[in-house]
Structure formats: structure tokens, C-alpha cells
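Novice: Structure in C-alpha cells, see below.
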Amino acid sequence: MTALPLGARAALLAVPVVFLAVFYAWPVATLVATVVDGSVLGDTLGRRNLAQVLWFTTWQAAVSTAATLVAGIGPAYLVARWDFPGRRLLVALLTVPFLLPTVVVGAAFVSLLPASLETSATAVVLAHVFFNVSVVVRVVGGMWSQLPADLVSAARLLGATPWRATREVTLPLLRPAIVAAGSITFLFTFTSYGVVQILGGPGRATIEVEIARLATQLGDVGGAAVLSLLQLALLAVMVAVAARTQRRVTSVGLRV
Numbered sequence: 068m069t070a071l072p073l074g075a076r077a078a079l080l081a082v083p084v085v086f087l088a089v090f091y092a093w094p095v096a097t098l099v100a101t102v103v104d105g106s107v108l109g110d111t112l113g114r115r116n117l118a119q120v121l122w123f124t125t126w127q128a129a130v131s132t133a134a135t136l137v138a139g140i141g142p143a144y145l146v147a148r149w150d151f152p153g154r155r156l157l158v159a160l161l162t163v164p165f166l167l168p169t170v171v172v173g174a175a176f177v178s179l180l181p182a183s184l185e186t187s188a189t190a191v192v193l194a195h196v197f198f199n200v201s202v203v204v205r206v207v208g209g210m211w212s213q214l215p216a217d218l219v220s221a222a223r224l225l226g227a228t229p230w231r232a233t234r235e236v237t238l239p240l241l242r243p244a245i246v247a248a249g250s251i252t253f254l255f256t257f258t259s260y261g262v263v264q265i266l267g268g269p270g271r272a273t274i275e276v277e278i279a280r281l282a283t284q285l286g287d288v289g290g291a292a293v294l295s296l297l298q299l300a301l302l303a304v305m306v307a308v309a310a311r312t313q314r315r316v317t318s319v320g321l322r323v
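Every letter in the sequence shown is one number past the one before it in my numbering, and letter 182, counting from 1, is 249.
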């Protein structure tokens, strides 16, 4: 395959860079320069409820991610290792929740959940699992279907129990996919808005919900801009950590 000339590669790279600069960086920089000053920055970061918002955002995302991985591993194994009538239909049905509007899912959960779970953190986690289980099924199941089945068979012939064969053969090979699915799910749930707004109830706000509250209910556009920048910074750190972790577990998996 002939490599593109340096000028052509630079031109192709310039297209997304210019697009992001014009339609993202420029508007954000203009907004920040217009409404954010030292006092707004100090007032927003010094809010008493900010630590609570950050804590709820983080722990509900972590719990939602763990629960989604647990819920998705079984279906991922089923669609990866078993060929049965309706397999493609099952994958499609598992993907449908990911495409549904959050308002529809939130209203459905409000109608179906018992009164004791309405406007609770449990309802938020359950809705996040419902939304994101297809990520685990598609990412982990996709890699699982490509693993040679004779690796586990060889381990069993050498005397390994099913659990040991899974722990020492299958899981190390699946680790990159599990990390990828977990990272995607964590980012989705960390930035969740609609689910938390509908099912979380008062006192439970993610950063996204708090940004909307400041901008639309309190008219504090400057404070909302500060929280938006804070969230962008946190997401940049998370993406960097996820990428580094992905490279590490992939290299380990290749050595297994």
C-alpha cells in the first residue's frame, strides 16, 4: 500500500482540527471569556454542594459500570459461544435500550419500579445497566467470539477446573475488551443527565445535572461554564487513564 504524501496527510489532519477549533474550541473560549472571571471561578468551586455532586457523580458511575459488566458477561458469553435460532434477534434486542431516549426509559422505570425505589440511587444504577449492557455484550462478546475454543479445552485436558480455565485462560485474553467496555460505560454514566434528572430525585445530581440547574434555574451561566470546564478536565484525565490502562492490559494479554 502506497503511503500518502506528507502534504496530503497534513491536509487530512487539518480538517478535523479546524472543525473542532471553529465549532467547539472557539465558542467555548468565547463563552468562558465573556462570563467567567476570578470571582465566578472562586464562588463556583467554593460551593458547599460541589463535593457532594462530584462524589455522587463518581460513585454512581463506578457502581453502574461494575453492575453493567456483571450483567453483560452472561449474555456476552451466550452470543459469543452459542449458535442458536434467534441469536441475532437477541443481540438486536439487547441493543435497543442503548438507542432509546432517556425520557422514555426514565418514564418506564418510574412506572415499573416500586414506590420505595422511585427517586433513588438504586433506580439510577438500574437504568444505567439497562442502557449500557449492550456495550458489554457487543465489545466483550465480539472479542470472546474470536478466541480459539481449543485453548480452554487444552486447559481442561491438563486438569484445570472450569473456573480455573476461565480465570487463567479466558479472562486474561478478554481483559482488554472488559477494560474497553468498562471505560465506555463509565464515561457514559459519569456524564449522565436524563436518567439522573428523572430518577435521581432531589439531592442527587451529577455534574451534568448541576450544570443544567445553574444555567436554567438559577441563571448562573458563569458557574455553569466553570463546571463544564471542570467536567472537561476530568473527562480528559479519565480518557488518558483509560487509554494507558488499555495499552497495558493489551500488552499483558498478548503475552499470555
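Just so it is clear, CB atoms sit at the ideal spot from N, CA and C, and this is done for glycine as well.
Given the structure is predicted, the values throughout are model-derived calculations rather than measurements.
If you count every other CB in all the chains shown that lies within 10 Å of the CB of F176, and 16 or more means buried, which is it?
Specialist: Here residue 176 refers to the residue found at position 109 of the sequence shown. Buried, because 16 or more other Cβ atoms sit within 10 Å of the Cβ of F176.
Novice: Per the contact definition of three or more C-beta pairs closer than 8 angstroms, is the segment 286 to 304 in contact with the segment 236 to 252?
Specialist: Short answer: they don't touch.
Novice: Take V191 and list the residues in its own chain whose beta-carbon comes closer than 8 angstroms to its own, dropping the five residues that flank it on each side.
Specialist: Reading the sequence shown from its first residue, position 124 is the one you call residue 191. The answer, listed in chain order, is Q127, S131, S259, V262, V263, L266, G267, R271.
Novice: Give me the Cα-Cα distance between E185 and S178, rounded to the nearest whole angstrom.
Specialist: What you label residue 185 is simply residue 118 of the sequence shown in a count that begins at 1. What you label residue 178 is simply residue 111 of the sequence shown in a count that begins at 1. If I take the Cα positions, the gap works out to 9 angstroms.
Novice: Helix, strand or coil: how does DSSP classify R152 here?
Specialist: Here residue 152 is taken as the residue at index 85 of the sequence shown, counted from 1. Reading the sequence as shown, one finds Pro at residue 152 and not Arg. It is coil, neither helix nor strand.
Novice: Should S295 go down as buried or exposed, given a rule of 16 or more other Cβ atoms within 10 Å for buried?
Specialist: Indexing the sequence shown from 1 puts residue 295 at position 228. The residue is buried, with at least 16 neighbouring Cβ atoms inside 10 Å.
Novice: So A147 and S212 are supposed to be a Cβ contact under 8 angstroms. How far apart are they, rounded?
Specialist: The residue given as residue 147 occupies position 80 in the sequence shown. The residue given as residue 212 occupies position 145 in the sequence shown. Between S212 and A147 the Cβ distance is about 4 angstroms, and since that is below 8 angstroms, they are a contact.
Novice: Output the boundary residues of the alpha helix (DSSP H) element that contains P229.
Specialist: Position 162 of the sequence shown holds residue 229. Note, P229: alpha helix (DSSP H), 229 to 232.
Novice: Taking the alpha-carbon positions, what's the A133 to G249 distance?
Specialist: Here residue 133 refers to the residue found at position 66 of the sequence shown. Here residue 249 refers to the residue found at position 182 of the sequence shown. A133 and G249: Cα-Cα distance of roughly 8 angstroms.
Novice: What is the DSSP secondary structure of T273, counted as helix, strand or coil?
Specialist: Translated into positions along the sequence shown, residue 273 becomes position 206. Coil.
Novice: Distance, Cα to Cα, A143 vs M210?
Specialist: Taking the sequence shown and counting its residues from 1, one reaches residue 143 at position 76. Taking the sequence shown and counting its residues from 1, one reaches residue 210 at position 143. If you take the alpha carbons of A143 and M210, they lie about 9 angstroms apart.
Novice: What are the start and end residues of each continuous beta strand (DSSP E) run of 3 or more residues lying completely inside the segment 149 to 213, in chain order?
Specialist: Listed in chain order, there is nothing to give.
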